[in-house]
DNA sequence: CTGAAAGCGCTAACAT
DNA sequence: ATGTTAGCGCTTTCAG
């Protein structure tokens, strides 16, 4: 087990030439004679040579690494985004460092610092549930690292964002419920300082209004958007004098919580209560009844973010154009919302 | 937007001292006077200094980075493992690079190379479905990078492995089915060259034998262990002269495929056909009927692998002790296997 | 077409 | 307690 790694210098000594020549030969520099190139390459293979990225990066000033920061890697939406990013990066020979914040603000700050220290060439991020202040991202940008936000973005600073049209997603979801005959529609909402949840709430309200239904503030319930939150909020709603006949949840997980609680209570879905979730997690087609949801094109969003990053990278000048790209989400109709009218 | 990053040298010039002093002060070296330490630290903050990990790593010969290679990041099992690894690494200020191979052999090889080039201090890996040859891992180990395999390991080379007792998992799963009254139990199997699938198959066979049931080779069906594979295998099984009355699947996904196909065919689960899956994916509790499965302690496995890595790291001598740590999986009984006897 | 030399930013002997 | 010096491995002018 020979610990010491083969270096360019080792190859040079062995071949009676210099490190510069070896370096060039390894990178197919046309200035090097075909013969020399072949000698170098074959010896490199023989000696199990691997370029030392660290050294090369130090010299070049870039790391060929993209940092990706997401709240959770096991959500279908985010894991699809990550796959999209990976596929684009892989082709460009870029590394992806995936950081999972678990919606923990301190971890998010720490990860940004680490990525900066690691000389990440760019950061693609979806900010955490409790992130109100994005100074940590700003300071990375000040150091010249492009930051591209996807899905959960902050409107506070000018940046490059790629988002879903959450207003529209909510609007079509709620319109669908209304068309199916539901009238008193509750909403599970997330924190208002996050664009995605604010927009979903507004889309929900607008859809009601456009269909002549006066929004009832009591029907908007903020919770943690997890299964447990959905459960307890549903319990609360059922205790109201006039309970709702449908729930539009800003998250599939809290929608699932609602579904489970309602089943336990013997309340029929969709007959007595309609449900629509958000994100089109894989499990939504497996529940009984299956959950109507909104698909957010995670994979495409990931691809797009990565492409945007590479475009920014390739730019000669450093000034970037703050902008927001908006994708249109898609309603996936399943059983949990379908039967009231039939 | 001042592109150039503040370096230790910048700080030194500003403070009329030397880079070494600044370097030491930043790392709380006790040799440095309290006063100097404070001056350095505050100026560093003021000038938004961030250590350049790349440079520091080059100098130190280590990257404080662990590479994690998994087939899929969106499987609950793997994402739990990753969370376990992350939590341990985070405390040790180590970075985690997550690589997703999608069970693609070429990608796996490429990622190992990349990790070596990036000077990863260690590699924690679960090998791909089609990986029969692990030369790429061996060559990393030859370069002194500890490789720890979890879950899907290779018996071909002496290494550190942490696995579930898949034999036992299968054994308890099948014994459970037998106890519930099922007699003719089919098995969805994965490739025999992967330990996990080989062991599950053997556990299945042993459980049958121990209960006086002669295994029928026709009931062992190899498929891709995805939903589609489970569907088509089930279709096949149903066409047999004497179809099985239960299925033990080596994967929750193909178990799900079976469940969906059976439901479409109007076959009652668990009355006419029992099903047990493997891995305890989240969705298994959501299907109707819910799926009995085997939990593999993903999070703990991740923590354990990371801890093993750090132990190996800290060792003075380089010779590592090849060994295998085996965790015992747990049967999670749900509806899909419960009712035959009742 | 190849070589010599300098330097990316940081750290650790070895001084003093 | 601080400074001097050298070098991690690679790339890139600049010279031949």
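Protein chains in written order, with my numbering: chain A, 356 to 697; chain B, 356 to 697.
Glycine is no exception: its CB is placed at the ideal position from the N, C-alpha and C atoms.
Among the options, which one has its Cα closest to the Cα of residue i?
i: residue 490 of chain B; options: B:473, B:510, B:543, B:426; result: B:510
i: residue 416 of chain B; options: A:400, A:359, A:445; result: A:359
i: residue 626 of chain A; options: A:563, A:532, A:365; result: A:532
i: residue 406 of chain B; options: B:413, B:362, B:422; result: B:362
i: residue 411 of chain B; options: B:378, B:423, B:396; result: B:378
i: residue 691 of chain A; options: A:590, A:396, A:648; result: A:648
i: residue 628 of chain B; options: B:458, B:599, B:616, B:392; result: B:599
i: residue 637 of chain B; options: B:458, B:422, B:689, B:383; result: B:689
i: residue 501 of chain B; options: B:685, B:486, B:677; result: B:677
i: residue 564 of chain A; options: A:527, A:402, A:382; result: A:527
i: residue 595 of chain B; options: B:574, B:611, B:579; result: B:574
i: residue 426 of chain B; options: B:504, B:374, B:493, B:593; result: B:504
i: residue 453 of chain A; options: A:447, A:433, A:507, A:459; result: A:433
i: residue 518 of chain A; options: A:414, A:549, A:465, A:494; result: A:549
Determine whether the Cβ of residue i lies closer than 8 Å to any Cβ atom of chain A.
i: residue 360 of chain B; result: yes
i: residue 522 of chain B; result: no
i: residue 641 of chain B; result: yes
i: residue 380 of chain B; result: no
i: residue 437 of chain B; result: yes
i: residue 455 of chain B; result: yes
i: residue 395 of chain B; result: no
i: residue 400 of chain B; result: no
i: residue 409 of chain B; result: yes
i: residue 580 of chain B; result: no
i: residue 514 of chain B; result: no
i: residue 413 of chain B; result: yes
If we call anything under 8 Å between Cβ atoms a contact, is residue i one with residue j?
i: residue 642 of chain A; j: residue 641 of chain B; result: yes
i: residue 632 of chain B; j: residue 660 of chain B; result: no
i: residue 429 of chain B; j: residue 431 of chain A; result: yes
i: residue 450 of chain A; j: residue 419 of chain A; result: yes
i: residue 479 of chain A; j: residue 665 of chain A; result: no
i: residue 499 of chain B; j: residue 655 of chain B; result: no
i: residue 366 of chain A; j: residue 404 of chain A; result: yes
i: residue 662 of chain B; j: residue 443 of chain B; result: yes
i: residue 541 of chain A; j: residue 624 of chain A; result: no
i: residue 576 of chain B; j: residue 543 of chain B; result: yes
i: residue 613 of chain A; j: residue 585 of chain A; result: yes
i: residue 620 of chain A; j: residue 593 of chain A; result: yes
Report the three-state DSSP secondary structure of residue i (helix, strand or coil).
i: residue 484 of chain B; result: coil
i: residue 450 of chain B; result: strand
i: residue 604 of chain A; result: strand
i: residue 356 of chain A; result: Note that residue 356 of chain A scores a pLDDT of 43, beneath 50, so its modelled location is shaky; the value from the coordinates is reported in the next line. Residue 356 of chain A falls in the coil class under three-state DSSP.
i: residue 398 of chain B; result: helix
i: residue 477 of chain A; result: strand
i: residue 675 of chain B; result: coil
i: residue 429 of chain A; result: coil
i: residue 422 of chain A; result: strand
i: residue 366 of chain B; result: helix
i: residue 573 of chain B; result: helix
i: residue 685 of chain A; result: strand
i: residue 579 of chain A; result: coil
i: residue 542 of chain B; result: strand
i: residue 520 of chain A; result: coil
i: residue 455 of chain A; result: strand
Any beta carbon of chain B sitting closer than 8 Å to that of residue i?
i: residue 613 of chain A; result: no
i: residue 638 of chain A; result: yes
i: residue 498 of chain A; result: yes
i: residue 677 of chain A; result: no
i: residue 687 of chain A; result: no
i: residue 431 of chain A; result: yes
i: residue 440 of chain A; result: no
i: residue 692 of chain A; result: no
i: residue 428 of chain A; result: yes
i: residue 406 of chain A; result: yes
i: residue 425 of chain A; result: no
i: residue 469 of chain A; result: yes
i: residue 488 of chain A; result: no
i: residue 388 of chain A; result: no
i: residue 356 of chain A; result: With a pLDDT of 43 at residue 356 of chain A, under the threshold of 50, the modelled position of this residue cannot be trusted, and the question is left open.
Cβ pair count under 8 Å reaching 3, the segment 676-686 of chain A against the segment 457-475 of chain A: no
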